[in-house]
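J.: Heads up: the sequence shown is residues -8 to 96, going by the working numbering. This structure is in structure tokens; I'll ask about it shortly.
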Amino acid sequence: FSLDMERSSFGKLRWSRGNYGNETWYRLKKHAWNSLIILLTSEAEQEGTRLTCRKITGDQVCSVFIDMPGRTNWLQARQLMAHGLRPLLSKSKLEFVSPAGDRIT
């Protein structure tokens, strides 16, 4: 597939498949994702770091222990949090922020 920029627009993406024809994707006009802000905090523990996710209301969403924080990247940390975040993923777009208000994602 390759994106046909000349025939694509804000509401429509036109894909070309060479000899196999074309495909058009249309944007759903009434579909919108509401963002859910997740406050991500970390605390040092004896053998690693604990990441805790909370809604702005203070309700804890999930907490995971990372045994090697220096060797764990953001993708791996997100995968560890997946089980606790799963119920929220179909309802909202998650946006992670630090306690200082900096966007993490």
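For every residue, glycine included, the Cβ atom is placed at its ideal position computed from N, Cα and C.
Please name the residue, chosen from Arg69, Ser(-1) and Thr48, that lies closest to Arg41 on a Cα-to-Cα basis.
T.: In the sequence shown, residue 41 corresponds to position 50, counting from 1. Nearest option by C-alpha distance: Arg69.
J.: Let me make sure I understand the geometry here. Which of Leu76, Gly75 and Ile57 has the alpha-carbon closest to that of Gln67?
T.: The sequence position of residue 67 within the sequence shown is 76, counting from 1. Ranking the options by Cα distance to Gln67, first place goes to Ile57.
J.: Could you round the C-beta distance between Leu71 and Leu85 to whole angstroms and report it? I think they count as a contact, below 8 Å.
T.: Along the sequence shown, one-based indexing puts residue 71 at 80. Along the sequence shown, one-based indexing puts residue 85 at 94. Leu71 to Leu85, Cβ: 15 Å. No contact.
J.: Buried or exposed for Ile95, please, with buried defined as at least 16 other CB atoms from any protein chain shown within 10 angstroms of its CB.
T.: Within the sequence shown, numbered from 1, the residue matching residue 95 stands at position 104. Answer is exposed; the Cβ neighbour count stays below 16.
J.: Provide the residue span of the beta strand (DSSP E) that contains Gly39, from first to last.
T.: Your numbering for residue 39 matches position 48 in the sequence shown. Start and end: Gly39 to Lys46.
J.: Around the Cβ of Leu(-6), are there at least 16 other Cβ atoms within 10 angstroms (buried) or fewer (exposed)?
T.: What you label residue -6 is simply residue 3 of the sequence shown in a count that begins at 1. So Leu(-6) ends up on the exposed side.
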